[in-house]
Each structure stands twice: as structure tokens, then as C-alpha cells.
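K.L.:
In the working numbering, the protein residues as written are 604 to 1356.
Every residue, glycine too, gets a C-beta built ideally from N, C-alpha and C.
Please read these numbers as outputs of a predicted model, since none were measured by experiment.
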């Protein structure tokens, strides 16, 4: 029994030992598990910390990569440089730097700007057509309380949001009557330059009429005194180089707008630049070419600074003019038609190129359609910004077309719609869209002038065809249109007979009969809005029966008409055998100055400006051959004075020599519909009168803002709608000036000076 008890005790001890061992193992395992859990927690904390560090480093890397991918943008804008004022278009102009940069980059040969300064600059800064900013009419003059709309965002503001440092050097010309209009309030970190449009290159004196002059050179928002005697192109280039020198390209991307004053008048340049052009006999052309050379040297110095300070490898250089040249002050748009201030190709076809190591396809010429409004979305997209935040942009992102050679997203360009610009010969004669435009006293004044004209024309009928001026046709045209009585017309009937006798010799339609000239312009589609039906029968019956109104008997009047009237019959009636068919509604008032490009087609209405082809004035006298060459039978001055619709195929005819308005009335009407569509989106013209408070003498002799910030909202909303500058005093001053330039131009050309 004892042995069994001993065995039982031993088994119990063994079991207890096993249990203790198991318990100890469990405790050890629990401790180990707790330690492992603690280790895991520590590892998780470490992993979380490491993940956070990785995220931070990754975000820092993405930010740095983004900054590295954001190119430095250098935009060089010149003033009044014409199509023929650059070396790669005209070898007589010495621009080796511009030629090299364009050859190594992408030359833009289908690029358009606006015909004058303020509209081009406003569309560059805002990316919107001028009909959407209220700047449809003319420029902003120094005394006008006008500038960019305050609610509209700008290109430098969008680039600033994308992380760019933004600087501007040079000409502003977008208004300054209050501080909110200044460049530093429109998105630029710094500004150094002029606020007005035309400044002396050495004294920085700018005038807005006789006796109203002031100093115009500013740094940020203060007047920069003490720079007199320094040539502005050199001074602006030095400031641009200082900006590049002081900026760290690795820290922040840079946007620099170098808006040179050159080659705008006055024609001033250092004498050393004139010497290479000493063989040019025309003095204005010689000085102008020298000024272009100063621009070329400025671009060379800026590109050298880009390479020196580490910007070049990640930079985009854009070179552009703001409008066409003025041939009679030395510029040249040859072989394009027209000049600065006109909507012919010479006024709106711009010189431009893009140079950058970031271009995928370089050393080529781009024919893609582009406009100055396209730079806003293009540069914002290139900078990594979001252009969709800017509502109402009229521009397109054309960087794929520039860099890769893709097709341009732009298919049409609205050059402008200016309701304030109407030619006086058209508004007085047959523009009835606004019946109160001419006033009740004008017909009486014109009747008195008509009698004097009739007396003067008797002894000078033999030489009537030798003296061709642009003044006679409008006067003879306005005579029947404004004279409702038939007595003066009856007196004119015998005076028209000598003209009809010499007509076969010269093969020209009679001057006194404006009806064929009217239809040769392609205006019949708009006759319901611009040609009063009540005036047509009374005006044409006095001439002859063959010019009877089409509304009365179209089938009888159709056979004797000249080729110019066939367009009218086609547009007024789809079938001439249906005299009961009514005149179709016109989609557009053709007396309004407007221009639009849709695809290959370009339409101009109203008065597009002086439309001539002016060759480079490099000879002491203009050659005689081109004068006769440019004026065929269909290009008489009197016909151009009465025309108000032109249509061209710009791709096939870039020099605008063949007017197709008569042949393609369907295209004319289609483009007029587009003009009407654009016009429905236009804001009222903002063109306020001069403010006497702008006088520089009130601010120490310098142009500076004259409206306090407290008056901002009240002043900006003061002139809503169209302000007509044509009050009696200003009209009387403007007419002699216009007649003076007409006489000067006609005299220069006819005498071959």
C-alpha cells in the first residue's frame, strides 16, 4: 500500500511539475507575445513616421520637379514693327540675332495681332477680344480715365498663382488714371517703364496734345526721375538683365515681359546704329532700320544673360510685334496691303517666333493660325496653371501646334467690331441704322457746298480725269443721297454728259453714278440695313431710266447694268424673274467697321483704313512701275471710297489683291452672320472723355494716377455705354487734319515723291 501511495505522490508531483512547466511556458509565451506586440507597435509607429517622411519627401520632390518643369518665360514685345522690318523677311534689315533665334526655333507665319497698341496689349494680358473688354475703339490716351476692367483677371496674375515671379519692363499703355490700373496691381511683382503710348527715347517726355506734356518713366508705382539722356531701349535692356541677375532660376520660375518702346515714333536712335544703313536714301527708313538694329542688340543681350545666369536650358522666348508698321514714318509691311491702324493684312499680320530648347520640333516655319489672345492660355498651360479658372477666354492653347507641329485649334479670328468708327462719307449718305447720327442741319450745309462745286466744275471738266483724288467721289456721291429735292439734280444732268462721252476711252463707270460701285463692293446683302429704300428711287431716277430702283422693276433694270451690279441682283433675288420677292434681311450693318477671319476667308466691312501696297521707301523717289501696277481698273480711289464690303481668300491671296465679295455672296453672308453672333456678346464701348485732372502740371510735371482709390468704383461705372467723341468742337478740329493727310498721301504718290 505504501508503494502505491508513493507512486501516486510521485505522479502527482510529476503532474504538478508538468502543470507548472506549462503555466510557466504560457507566461513566457504571453510575455513574448506582449513583447512582440510592443515591438510591432513600435515598428508600426516607425513605419508611419517613415511613411510620413516619405510622403513629405515625395511632395517636396514633386514640388521641386514641378518647379523644374515650369519653364522661365521671356516675352519680348516690340512696337510698330512691320512684316518687312525683320531680317528673315527682308535682308536689307540687319537683325542677325532675331534671324538666328527664329531659324533655330519656330517662326510663326500665320500669326495675327491688332492694328494699334492698346488693343493688342489688352488682348495679350487678358486673353479676351477687345469687344469683351470695352476697348473696341482707338487707344487709351493719357488724359482718358480708362484702363483694363477691374473684374478681369490677367496673365501675370494666373502665372503668379502658379508660383512665378512676374516682372515687366517697358511700355504699358493700358491706362493709369488710378492706382488699381497700374501694372503692379495687375499681377506684376515689379514694373519699370512708361505708362503712356508715345514717349521721347531720351527725355521721356510724353504729350497728349499741344501744351499737355509730362515726364513718363516709372518704377513700380513711383515716378523714376533722373534717367534723362539714356536711350530707352538700352535702359530697359539693362533693367531686364538686372532682374535676371538677381533672380535664382532654381528657386522659382520667372515670367519677364520686356515691352520695348522701339520701333514706335519718334524716330530716334544713336548715330552709331545709323551708319550701316547710310546707303538708304530715305531718311525715315534709315532711322527706322537703325532702331530695329537696337532691338536686335537688346534681344542679344537678354539671351546672353539667360545663358549666363542659368535660365536658358529651361526657358521659352516669345518674340512678337504689337501691330503693323506705318510706311510713311519709315516702316514697311511689303508686300502686304495696308498699314498700322488698318484691318488689312499689313496692319494685323504680325512678326513673331518662339525660341526654346523645350521645343520638340525646331528649325521650322509654322503656318498654324494663331492670334495674340492665344498667349494667355498657352503660357498658363505651359506654366502648369489652370486656364479654365479664367472665364470667357477667347484664346486657345496653341503650344502643341508650336512645339509639335500639330494643327491649330483656332479656326477663326475676330479682328474687331468698332461701332464708333464709321466713315463720314457712308454715314452721311446711306447709313440709316442710326437716324440721328448726322443731324438735321447737315443736308442744308451740303446743298450750299454743292452749288459751289457745280460752279467750279464748269471750266475744269477737261482735266477732271487727270486729277484723281479721294475727295471728289464722296462729295459727288453724297450729293444725290442728301438732296431730296429734284431741282439741283436737274441742273446736274447736262454736266454728266461729258463724263459719259469719255467713258469708253477710259473704260470706267461714271463717277456721278454710285450705284454700280455700291454693288461692286459686295454690299447688297446688307442693303436693307445700310441703304434706305426710300432714297434709292429718288436718287437713281434723276440719273437715267436704266438705273431705276430694283424694288420697282428688277427685270427691266437688270440687262443694261454693268458687271458690278450682277451681285446685287443675285443677292436681292434668288431668281430675277420673281419681281414680287422681297429683299432678304441683312445679317449685318456693313457701315460698321469690322473684320473677321474664318478659315481661309477674311471679311472687312465699313472703313478698314487706308488700303494700299507701299513698297520699302529705300530710294530717293518712288519708282513709277509699281504705282501703275498696283492700280488696275477695279482699284480706283473713288471705288474704294464707296466700298464697304471686301472678301479675300487669305491663304491663296495673302496680299489681298483679288476682292471676291461679288463672286462669293454666300461666303459674305455667312461671315456677316458670324459678325452678328460676335456682336451679341460685345460689351459697350468704354471711351470716356478727357479728364482735366490728368494734367501733369498738377503732379510735379509727370504723368501719374489722378483719381483717388475712394473714387474707384464710382469712376469706373461713370461712362457705361458708347461715348461719342464727335461733338462739334472736336469734329471741326479733326476734319482738317484728316484732309491734310489725304492731300499729303495723294500728293506724295501722284508726284512720285
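Chain B beta carbons: is any one of them nearer than 8 Å to that of residue 1009?
P.N.:
The structure shown contains no chain B; it is built from a single protein chain.
K.L.:
Between residue 1246 and residue 1209, what straight-line distance do the alpha-carbon atoms span, to the nearest angstrom?
P.N.:
The alpha-carbon atoms of residue 1246 and residue 1209 are separated by roughly 8 Å.
K.L.:
Cutting at 6 Å between CB atoms, please list the residues of its own chain near residue 843, excluding the five before and the five after it.
P.N.:
If we look at residue 843 and ignore the five residues flanking it on each side, its Cβ neighbours are 772, 861, 905.
K.L.:
Quick test of the definition: if touching needs 3 or more C-beta pairs under 8 Å, does the stretch 878 to 893 touch the stretch 907 to 917?
P.N.:
The stretch 878 to 893 vs the stretch 907 to 917: no contact.
K.L.:
Going straight from the alpha carbon of residue 961 to that of residue 1005, what length do you get?
P.N.:
Going from the Cα of residue 961 to the Cα of residue 1005 covers about 11 Å.
K.L.:
Using the three-state DSSP reduction, which class does residue 1330 fall into: helix, strand or coil?
P.N.:
The pLDDT assigned to residue 1330 is 40, lower than 50, so where the model puts this residue is not dependable; a value taken from the coordinates is nonetheless given after this. Note: residue 1330 maps to coil in three-state DSSP.
K.L.:
Measuring straight from C-alpha to C-alpha, what distance separates residue 995 and residue 731?
P.N.:
One C-alpha to the other measures close to 7 Å.
K.L.:
Residue 1203 to residue 1008, Cα distance in whole Å?
P.N.:
So the two alpha carbons sit approximately 19 Å from each other.
K.L.:
Specify the secondary structure class of residue 575 as computed by DSSP and reduced to three states.
P.N.:
The requested residue 575 is not part of the displayed model; the chain covers only 604 to 1356.
K.L.:
Excluding the 5 residues preceding and the 5 following residue 1284 in the sequence, name in chain order all residues of the same chain whose CB lies nearer than 8 Å to its CB.
P.N.:
Closer than 8 Å at the Cβ level, and outside the excluded window around residue 1284, lie 734, 735.
K.L.:
Just list the beta strand (DSSP E) runs in the stretch 848 to 904, keeping only unbroken ones of 3 residues or longer that don't cross its boundaries, in chain order.
P.N.:
Counting only runs of 3 or more, we get 857 to 862.
K.L.:
As a quick exercise: from 863, 893, 864, pick the residue whose alpha carbon is nearest that of residue 874.
P.N.:
Among 863, 893, 864, the Cα nearest to that of residue 874 belongs to 893.
K.L.:
Measure from the alpha carbon of residue 970 to the alpha carbon of each residue in 1275, 1257, 1267, then state which is nearest.
P.N.:
Among 1275, 1257, 1267, the Cα nearest to that of residue 970 belongs to 1257.
K.L.:
Does the beta-carbon of residue 992 have 16 or more other beta-carbons within 10 angstroms, so that it is buried, or is it exposed?
P.N.:
The residue is exposed, with fewer than 16 neighbouring Cβ atoms inside 10 Å.
K.L.:
Can you list, in chain order, the residues of its chain whose CB lies under 6 Å from that of residue 763, leaving out five sequence neighbours each side?
P.N.:
These residues qualify, in order along the chain: 769, 790.
K.L.:
Need the endpoints of the alpha helix (DSSP H) that residue 1253 sits in, please.
P.N.:
It is not in any alpha helix (DSSP H) - residue 1253 carries neither H nor E in the DSSP assignment.
K.L.:
Check whether the Cβ atoms of residue 1249 and residue 1269 lie closer than 8 Å to each other.
P.N.:
Contact flag unset, no.
K.L.:
Flag this pair as yes or no: are the beta carbons of residue 717 and residue 926 separated by less than 8 Å?
P.N.:
Result yes, Cβ atoms of residue 717 and residue 926 sit closer than 8 Å.
K.L.:
Note the first and the last residue of the continuous alpha helix (DSSP H) segment covering residue 1019.
P.N.:
Here residue 1019 belongs to no alpha helix (DSSP H); instead the beta strand (DSSP E) covers 1015 to 1021.
K.L.:
Could you pull the DSSP bridge partners for residue 1196 from this structure?
P.N.:
DSSP output for residue 1196 lists 1021 as bridge partner(s).
K.L.:
So, residue 945 versus residue 1213, is the Cβ gap smaller than 8 Å?
P.N.:
Yes, these two residues count as a Cβ contact at 8 Å.
K.L.:
Leaving out the 5 sequence neighbours to the left and right, which residues in its chain are closer than 8 Å to residue 780 when beta-carbon positions are compared?
P.N.:
For residue 780, where only same-chain residues beyond five positions count, the Cβ hits under 8 Å are 747, 748, 749, 750, 1294, 1297, 1308, 1309, 1310, 1318.
K.L.:
Let me know the secondary structure DSSP gives residue 728 once reduced to three states.
P.N.:
Helix, per DSSP.
K.L.:
Where are the beta strand (DSSP E) runs, 3 residues long or more, that stay fully inside the stretch 702 to 784, in chain order?
P.N.:
709 to 711, 768 to 774, all fully within the stretch 702 to 784.
K.L.:
Would residue 1365 be called buried (16 or more neighbouring beta carbons within 10 Å of its own) or exposed?
P.N.:
No answer is possible for residue 1365: the residues shown for the chain start at 604 and end at 1356.
K.L.:
Write down the C-beta distance between residue 919 and residue 954 rounded to the nearest angstrom, noting that I regard them as a contact closer than 8 Å.
P.N.:
About 18 Å separates the two Cβ atoms, so there is no contact after all.
K.L.:
Considering only their Cβ atoms, is the gap separating residue 783 from residue 741 smaller than 8 Å?
P.N.:
Their beta carbons are not under 8 Å apart, which means residue 741 does not touch residue 783 by this criterion.
K.L.:
If residue 836 and residue 898 are in contact, beta carbons under 8 Å, what's the gap, nearest whole angstrom?
P.N.:
Contact flag correct, Cβ pair sits at about 7 Å.
K.L.:
According to DSSP, is residue 919 part of a helix, a strand, or is it coil?
P.N.:
Of the three classes helix, strand and coil, the one that applies to residue 919 here is strand, per DSSP.
K.L.:
Within this structure, are the beta carbons of residue 673 and residue 987 separated by less than 8 Å?
P.N.:
A contact, by the Cβ cut-off of 8 Å.
K.L.:
Given this structure, state the Cα-to-Cα distance separating residue 863 from residue 723, to the nearest angstrom.
P.N.:
The straight-line gap from Cα to Cα measures roughly 14 Å.
K.L.:
Please state whether DSSP places residue 696 in a helix, a strand or coil.
P.N.:
Residue state, collapsed to three classes: coil.
K.L.:
Determine which residues share a DSSP beta bridge with residue 822 and list them.
P.N.:
The partner list for residue 822 (beta bridge, DSSP) reads 795, 825.
K.L.:
Using the Cα positions of residue 834 and residue 947, report the straight-line distance between them to the nearest angstrom.
P.N.:
Cα to Cα, the separation comes out at about 33 Å.
K.L.:
In this structure, what does DSSP give as the bridge partners for residue 1208?
P.N.:
Beta-bridge pairing links residue 1208 to 1197, 1248.
K.L.:
For residue 1267, which residues of its own chain have a beta-carbon under 7 Å away from its beta-carbon, when the five flanking residues on both sides are left out?
P.N.:
Here the set comprises 1250.
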